[in-house]
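The structure under discussion appears below in the form of C-alpha cells.
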Amino acid sequence: MARDVNIVSDAANGMAAHSFPAVLDVVPQIKHQGLYYELDGTFPNHEANPLKLSTLVDLQKLVVETGAELGAAFDGDSDRCCFVDDRGRAIGNDVVTALVARVALKNEPGASIVYDLRSSWILPKTILDHGGVPRKERVGHSFLKATMRQYDAPFGGELSGHYYFRDNWYADNSEIILLSVLNLLSRSEKKFSELLDELMCYHSTGEVNFHIDDKQGAMDRLRSEFSNADIIDDLDGVTIAYGEVETPGWWWVNVRSSNTEPLLRMNLESDDKAKQEEMTAKVISILGVNPE
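Counting from 0, one number per residue, gives the positions in the sequence shown under numbering that gives the first Met the number 0.
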C-alpha cells in the first residue's frame with residue numbers, strides 16, 4: 000500500500016473476527032475501526048449475509064459518521080466480502096470485480112478475467128477496454144474456478160461476493176480482495192466513490208426472486224415471447240439480450256433456477272432507466288407472479 004487508508008469493517012460476529020485481525024497486525028497502513036468482532040455463532044447483531052442490504056445499515060452509518068474511505072462487510076465464514084463506499088453506498092460486487100480487473104490487466108496485459116453471467120455489462124466492457132479477454136461463466140464457484148484454470152486467468156469474481164485468485168490456488172478469499180481494493184485506492188488520487196462512479200453507469204434490478212412451481216415453463220415462455228432477441232443463451236437458465244453495449248437502448252435479462260433454494264432468480268439491466276423499468280414489468284408479467 001502506498002499510504003494509510005482509513006476503513007471500517009463488519010465481521011458480523013463471524014470468522015473474520017478471528018482472521019482479519021491477523022491481517023491488521025502485518026499491514027499497519029490499514030487504519031481500522033471494527034463492528035461486531037466478538038465471535039458468536041448465534042449472530043446476535045444481524046444475519047451474516049452482506050448481500051442483504053439490511054445487514055449493511057450499521058456499517059453504512061459508521062462509514063459516514065467516521066469519514067472512513069470505505070467499509071467492508073464479511074459473511075459468517077469470511078469467504079465473502081462486500082463493500083460500502085465513502086458515501087455510504089452499497090456497491091455491487093460486479094463493479095468491484097471491474098475495478099480490480101483493471102489492475103490485474105495492467106499487471107498482465109491480454110489476460111482472461113472470469114465472471115458470472117449475472118454481472119453488469121460494464122464488467123466485460125471494462126475487461127475489453129483494458130485489453131483483456133472476458134470469460135463469462137455460469138453461477139457457482141466450481142464453474143468459475145475450472146474456467147480460470149482453463150484460461151490461466153489471474154482473477155475472477157462473482158456477484159455473490161466470492162473473488163478468486165490464481166495466486167491463491169484459484170480459491171476465493173475475502174482478505175485478498177479487500178487488500179487488493181485498499182492497495183489500488185492507496186495509489187489513486189480519487190476517492191473510492193469517484194472510482195466507482197466511472198463504472199456505475201447502467202441501471203439494474205439487482206437479483207429478484209420469484210416462487211414459481213413450473214420453472215422450466217416460465218423460462219420457455221420467455222424464450223417464446225422474446226424469440227426475435229439478438230441473443231438467447233442457455234448457459235445458465237436463459238439469458239435474453241437486445242442490442243449491444245455500444246448501442247443506446249440495449250437491455251438484457253437472465254432468469255435462472257437457484258442452486259440452493261426453490262426459486263427463480265432474475266437479473267435485468269439496461270443503459271436506459273425507463274427501458275429497464277419497462278422490460279422489468281414485462282418480464283414479471285410473462286412470469287405470471289409477483290417477486291418476493
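We put the beta carbon where it would ideally sit given N, CA and C, even for glycine. Keep in mind it's a predicted model, so treat the numbers as computed, not measured.
Residue i to residue j span [Cα, whole Å]
{"i": "Glu-291", "j": "Thr-279", "result": "14 angstroms"}
{"i": "Ser-256", "j": "Leu-262", "result": "6 angstroms"}
{"i": "Ala-296", "j": "Leu-61", "result": "Because the chain here runs from 0 to 291, residue 296 falls outside it and cannot be looked at."}
{"i": "Val-83", "j": "Gln-215", "result": "36 angstroms"}
{"i": "Glu-188", "j": "Glu-260", "result": "43 angstroms"}
{"i": "Asp-212", "j": "Ile-230", "result": "26 angstroms"}
{"i": "Glu-193", "j": "Leu-286", "result": "38 angstroms"}
{"i": "Ala-15", "j": "Glu-277", "result": "41 angstroms"}
{"i": "Ser-141", "j": "Tyr-162", "result": "12 angstroms"}
{"i": "Ala-228", "j": "Leu-181", "result": "41 angstroms"}
{"i": "Ile-175", "j": "Asp-196", "result": "23 angstroms"}
{"i": "Ala-97", "j": "His-210", "result": "31 angstroms"}
{"i": "Ser-284", "j": "Pro-43", "result": "39 angstroms"}
{"i": "Tyr-35", "j": "Asn-12", "result": "5 angstroms"}
{"i": "Asp-85", "j": "Glu-64", "result": "10 angstroms"}
{"i": "Ser-8", "j": "Leu-183", "result": "18 angstroms"}
{"i": "Leu-38", "j": "Ala-273", "result": "45 angstroms"}
{"i": "Tyr-150", "j": "Ala-71", "result": "30 angstroms"}
{"i": "Arg-264", "j": "Asn-258", "result": "10 angstroms"}
{"i": "Cys-80", "j": "Thr-54", "result": "13 angstroms"}
{"i": "Asn-106", "j": "His-129", "result": "11 angstroms"}
{"i": "Asn-92", "j": "Val-102", "result": "16 angstroms"}
{"i": "Thr-41", "j": "Pro-247", "result": "48 angstroms"}
{"i": "Glu-206", "j": "Asn-253", "result": "10 angstroms"}
{"i": "Asn-208", "j": "Glu-268", "result": "15 angstroms"}
Residues that residue i bridges to, as DSSP identifies them
{"i": "Lys-135", "result": "Tyr-114"}
{"i": "Ala-89", "result": "Val-83"}
{"i": "Arg-255", "result": "Arg-264"}
{"i": "Trp-250", "result": "Tyr-241, Ser-269"}
{"i": "Val-207", "result": "Met-265"}
{"i": "Asn-5", "result": "Lys-30"}
{"i": "Phe-154", "result": "Ile-112, Phe-164"}
Start and end residues, beta strand (DSSP E) containing residue i
{"i": "Met-14", "result": "From DSSP, Met-14 is part of no beta strand (DSSP E); its letter is neither H nor E."}
{"i": "His-31", "result": "29 to 34"}
{"i": "Thr-238", "result": "237 to 241"}
{"i": "Gly-70", "result": "69 to 73"}
{"i": "Asp-232", "result": "230 to 232"}
Cβ-Cβ distance between residue i and residue j below 7 angstroms
{"i": "Phe-191", "j": "Leu-69", "result": "yes"}
{"i": "Trp-251", "j": "Asp-270", "result": "no"}
{"i": "Val-244", "j": "Trp-168", "result": "no"}
{"i": "Gly-131", "j": "Ala-152", "result": "no"}
{"i": "Val-237", "j": "Arg-222", "result": "yes"}
{"i": "Leu-158", "j": "Ser-118", "result": "yes"}
{"i": "Leu-116", "j": "Lys-135", "result": "yes"}
{"i": "Val-138", "j": "Asp-233", "result": "no"}
{"i": "Ser-185", "j": "Ala-1", "result": "yes"}
{"i": "Val-113", "j": "Ser-179", "result": "no"}
{"i": "Ala-89", "j": "Asn-5", "result": "no"}
{"i": "Asp-74", "j": "Asn-48", "result": "yes"}
{"i": "Val-94", "j": "Leu-177", "result": "no"}
{"i": "Lys-30", "j": "Asp-57", "result": "no"}
Which of helix, strand or coil DSSP assigns to residue i
{"i": "Thr-146", "result": "helix"}
{"i": "Arg-264", "result": "strand"}
{"i": "Ser-159", "result": "coil"}
{"i": "Asn-295", "result": "Since the first residue shown for the chain is 0 and the last is 291, residue 295 is missing from the structure and cannot be characterised."}
{"i": "His-202", "result": "strand"}
{"i": "Ala-47", "result": "coil"}
{"i": "Met-278", "result": "helix"}
{"i": "Pro-20", "result": "helix"}
{"i": "Thr-96", "result": "helix"}
{"i": "Leu-52", "result": "helix"}
{"i": "Val-25", "result": "helix"}
{"i": "Leu-38", "result": "coil"}
{"i": "Val-102", "result": "helix"}
Start-to-end residues for the alpha helix (DSSP H) that takes in residue i
{"i": "Asn-182", "result": "173 to 185"}
{"i": "Leu-127", "result": "121 to 128"}
{"i": "Arg-220", "result": "214 to 224"}
{"i": "Phe-191", "result": "191 to 196"}
{"i": "Leu-58", "result": "56 to 65"}
Test: residue i CB closer than 7 angstroms to a CB of chain D
{"i": "Asp-3", "result": "No chain D appears in the structure shown, which is made up of a single protein chain."}
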